[in-house]
Structure formats: structure tokens, C-alpha cells
Amino acid sequence: MQFKKFKSLDNIERRIALLSGHVYLIGPDWQNIPEFAWKDCYAAGCMSDDMITKAVYINKEESGVVERLNNKAHQKVEMEALFKGWVVENKLENFDAKGKPKMIPTSEYMGFRVPNKLRDEVWFDMVKNGRV
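Heads up: the sequence shown at position 80 corresponds to 67 in my numbering, and the numbers run straight through without jumps.
Next up, the structure:
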């Protein structure tokens, strides 16, 4: 007899009652369930351990997705420090008429052409959360 580990997707305990008389309570912890109950577990909103694979993460890591996300997070931190420095040093020439950091000085300091979306995301997050 084959077994798979199942758990509830939303951490709410699910009651699986089969016509054979078998009853399973599947909650947030993994439980071994025999093959004859698998379809009922899936139907009740449970997931099996074979649905989660390291291959997805490994493929993303190999393709550079993880590295790009880490680089973007690092760039955001560096850009925020840059903007804070400009505010502290009162470098008004680096800000436009609306009060946003200008693209050219930002890109020159960062060493690459910073997309407007990234610059705005960092700046508006700083303003919104009072870090400026």
C-alpha cells in the first residue's frame, strides 16, 4: 500500500470520511494517508507533499531569478540610502520640481540606468512610511 503525506492548504482541519468507514482529520501538520483516500483528500482542499518540489526553486536559481531578486532588493536599500543622504545634505539640485529624485543623478550614482518604476517605488515607499 502506498502512502502520501497530506496537509490542509489553509491550516483549517479537514474531515475526510470514506464509505469504507475510514475517517481522517487533516490539519496543518503532514499526515500519512493511504492511496485509496488520496482523491478525497484533494477534493477536500488538501495538498500532498509531492506537490511541493525543490526542483522549482532549483530551476529558478539556475536561471538567475533568485539572484536578480536579491540584486533588486540590494539596489533598493542602496537607493534609499542615497536618497536619505541627499535629503540630509540638502542637495536640492538632485530633486525635480515635484520633489522626486531626478533620474540622471540617481542613475549616475547607482552605475546603471535606473528604471523610473524602481526609483518611484523606493521614493514613494520612503515618503509613505516617514523614512525621509
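Idealized CB from N, CA, C, for every residue including glycine.
Of the other Cβ atoms in all chains shown, fewer than 16 fall within 10 Å of the Cβ of Ile91; this residue is therefore exposed.
As the crow flies, the alpha-carbon of Val74 is around 50 Å from that of Asp16.
Inclusion of Phe(-10) and Glu22 in the CB contact set at 9 Å is warranted, their separation being smaller than that value. Taking a contact to require three or more Cβ pairs closer than 8 Å, the region 59 to 68 and the region 24 to 43 do not qualify as touching. Under DSSP, the beta-bridge partners assigned to Tyr11 are Ile3.
The residues Gly32 and Met34, in chain order, have a CB closer than 6 Å to that of Leu(-4) in the same chain once the five nearest residues on each side in sequence are set aside. Across the structure, Gly8 and Asp27 are spaced so that their CA atoms are roughly 13 Å apart. DSSP places Pro92 outside any beta strand (DSSP E); the residue lies instead in the alpha helix (DSSP H), whose first and last residues are Met90 to Met97. Looking at Met66, Asn77 and Ala84, the one whose alpha-carbon comes closest to that of Glu95 is Met66.
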